[in-house]
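Colleague: One gets our numbering by counting positions in the sequence shown from 1 and adding 63 to each.
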Amino acid sequence: MTPRHLGCLALVLFLPAACGGDEPAPPPARSIEDLERQGLLPVLDRSESLGGPDTDGNGVRDDLDAWIARQDGTPARRDALRQLARAFRDALLIHGDTIAAQEAAWRTTRAVACVMAHSGSGTEGAHAVAELRKMSANTRPRVLAYLDYAASQDGAVLSLPAGNGCDD
Numbered sequence: 064m065t066p067r068h069l070g071c072l073a074l075v076l077f078l079p080a081a082c083g084g085d086e087p088a089p090p091p092a093r094s095i096e097d098l099e100r101q102g103l104l105p106v107l108d109r110s111e112s113l114g115g116p117d118t119d120g121n122g123v124r125d126d127l128d129a130w131i132a133r134q135d136g137t138p139a140r141r142d143a144l145r146q147l148a149r150a151f152r153d154a155l156l157i158h159g160d161t162i163a164a165q166e167a168a169w170r171t172t173r174a175v176a177c178v179m180a181h182s183g184s185g186t187e188g189a190h191a192v193a194e195l196r197k198m199s200a201n202t203r204p205r206v207l208a209y210l211d212y213a214a215s216q217d218g219a220v221l222s223l224p225a226g227n228g229c230d231d
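1) Which term fits residue 103, buried or exposed, when burial requires 16 or more other beta carbons within 10 angstroms of its beta carbon?
2) Quick one: is residue 127 buried, meaning 16 or more other Cβ sit within 10 Å of its Cβ, or exposed?
3) Between which two residues does the alpha helix (DSSP H) holding residue 101 run?
4) Kindly confirm or deny that the stretch 206–221 and the stretch 165–172 touch, where touching means at least three C-beta pairs closer than 8 Å.
5) From what residue to what residue does the alpha helix (DSSP H) around residue 150 run?
6) In whole angstroms, give me the CA-to-CA distance for residue 154 and residue 100.
7) For residue 124 versus residue 114, is the C-beta spacing smaller than 8 Å?
8) Decide if residue 210 is buried, meaning its Cβ has at least 16 other Cβ atoms within 10 Å, or exposed.
9) Counting only the same chain and skipping the five closest in sequence on each side, list residues whose C-beta sits under 7 Å from that of residue 168.
10) Between residue 156 and residue 208, what straight-line distance do the alpha-carbon atoms span, to the nearest angstrom?
What follows is the structure in structure tokens.
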């Protein structure tokens, strides 16, 4: 072996010890539950209920409320995320009611505008909206309900709300 190869070999052998290699790495995630235990995914309600548990009655599913509470930013941004969570929950509960779907779409549009107004950037706001939508529709019944809601809005035209869209 050349001196260069020996140097690389020494680096490979001793680098793990220098970087805390004596601590075992967590086992690779093999399921959603593993990711939740490792803190890489939030623990979400997977009940059959479309609305999910809301023990404090604020209109936000408890698991989503806990996720929102852990988010960085101002209290106004967390309030905006709660407003959006309520709007997504309302959208899941329309049960084919056209008028309720239009009202849910208006509340969702206002809530998205509010989240965007209280986010540090457009990218940050769009990411938060997408994450909350995915977490809101995290079971098969919720996905189907959201798809029904989305289909009811096919061809609908909504305008941006005046102001920042936030419920004050």
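For glycine and all other residues, C-beta sits at the position ideal for the given N, C-alpha and C.
Modeller: Checking against the coordinates, here is how it stands:
1) For the purposes of this step, residue 103 is taken as the residue at position 40 of the sequence shown. Exposed.
2) As a working mapping, residue 127 is identified with position 64 in the sequence shown. When all chains shown are included, residue 127 counts as buried.
3) In the sequence shown, the residue the question calls residue 101 occupies position 38. Residue 101 -> no alpha helix (DSSP H), and no H or E assigned at all.
4) yes
5) Within the sequence shown, numbered from 1, the residue matching residue 150 stands at position 87. Segment 138–155, the alpha helix (DSSP H) holding residue 150.
6) Position 91 of the sequence shown, counted from the first residue, corresponds to residue 154. Position 37 of the sequence shown, counted from the first residue, corresponds to residue 100. If I take the Cα positions, the gap works out to 30 Å.
7) Numbered from its first residue, the sequence shown carries residue 124 at position 61. Numbered from its first residue, the sequence shown carries residue 114 at position 51. Their beta carbons are under 8 Å apart, which means residue 124 touches residue 114 by this criterion.
8) If you number the sequence shown from 1, residue 210 lands on position 147. It counts as exposed.
9) Along the sequence shown, one-based indexing puts residue 168 at 105. Cβ neighbours of residue 168 beyond the five flanking positions: 216, 219 and 221.
10) Numbered from its first residue, the sequence shown carries residue 156 at position 93. Numbered from its first residue, the sequence shown carries residue 208 at position 145. Using only the alpha carbons, I get a separation of about 7 Å.
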